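Undergrad: Here it is, the structure in full.
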Amino acid sequence: MAMAEKFDSLEEHLEKFVENIRQLGIIVSDFQPSSQAGLNQKLNFMVTGLQDIDKCRQQLHDISVPLEVFEYIDQGRNPQLYTKECLERALAKNEQVKGKIDTMKKFKSLLIQELTKVFPEDMAKYKAIRVLRPSPSHDDLSEIIKSGFTTTLTSSLSTCGYIPPGRIDLCTCNLFKCFLTSSSSTKGQEYA
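Numbering follows my numbering, with no gaps: position 108 of the sequence shown is 145.
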């Protein structure tokens, strides 16, 4: 049985059950001794309806419904609003992440421009490596650091007043390396 047929079957049984309960409520609200047979019949239909619903439950054991949907129903709200609001939240989060990615791309571009002004030789090496290998490995960047990048970066940043003398270390270079690596890994990806 296809999934849609299983849902259709469950929906049909639920509609019959609700209608039976409605009729049972009418009989009970205006009960007369002569309507006892009708009441018994509706009670039997109710038990049969619950058994039918239970059979449908066994066919749909792999379906899970978020608890928030039940909260919407308890509050008298349309459960389809839950889906709509989830999609709106996902869209807002997507826009936020896209904004962060765009900001990081701009930051990377500005950082590379400024570093090129301050460290032209080292950035030329970096760009040469990037052309040969678009996604640098940890070893590639370690070669740049070992070739004097740390010393140049320390002395240049201290001299320019960006960082007080003695405050830059390998951790700062690793941070720079991580930034360049992580921002380059998003290259070519599209975010809607």
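Where a beta carbon is used, it is the ideal one built from N, C-alpha and C, also for glycine. Keep in mind that this is a model prediction, so the values were computed, not measured.
What first and last residue would you give for the alpha helix (DSSP H) that runs through S230?
TA: The question about residue 230 has no answer here: the residues shown for the chain are numbered 38 through 229.
Undergrad: Can you tell me whether DSSP reads H50 as helix, strand or coil?
TA: Helix.
Undergrad: Please tell me whether L76 and I64 are closer than 8 Å, where the distance is taken between their beta carbons.
TA: Their beta carbons are under 8 Å apart, which means L76 touches I64 by this criterion.
Undergrad: With a CB to CB cut of under 6 Å and the five nearest residues on each side skipped, what residues in its chain are close to I150?
TA: As written in the sequence, residue 150 is Gln, which differs from the Ile given in the question. Cβ within range, chain order: n/a, list empty.
Undergrad: In three-state DSSP terms, what is A161?
TA: It is helical.
Undergrad: For the alpha helix (DSSP H) that A74 lies in, which residues bound it at each end?
TA: Counting along the chain, the alpha helix (DSSP H) containing A74 begins and ends at Q73 to Q96.
Undergrad: Considering D35, what are the terminal residues of the alpha helix (DSSP H) in which it resides?
TA: Nothing in the structure corresponds to residue 35, since the chain is present only between 38 and 229.
Undergrad: Assess contact between the segment 46 to 64 and the segment 76 to 87, defined as three or more Cβ pairs (one per stretch) separated by less than 8 Å. Is contact present?
TA: Short answer: they touch.
Undergrad: In whole angstroms, give me the CA-to-CA distance for M160 and R126.
TA: So the alpha carbons of these two residues sit roughly 41 Å apart.
Undergrad: For P70 and G86, what's the separation of their Cα atoms in angstroms?
TA: Their Cα atoms are separated by approximately 25 Å.
Undergrad: Taking the Cβ atom as the reference point for each residue, do I43 and Q96 lie within a distance shorter than 8 Å?
TA: Reading off the sequence shown, one finds Lys at residue 43, where the question assumed Ile. In this structure, Q96 lies closer than 8 Å to K43 by Cβ.
Undergrad: Report the rounded CA-to-CA distance for E105 versus R167, giving the unit in angstroms.
TA: Cα-Cα distance, rounded: 48 Å.
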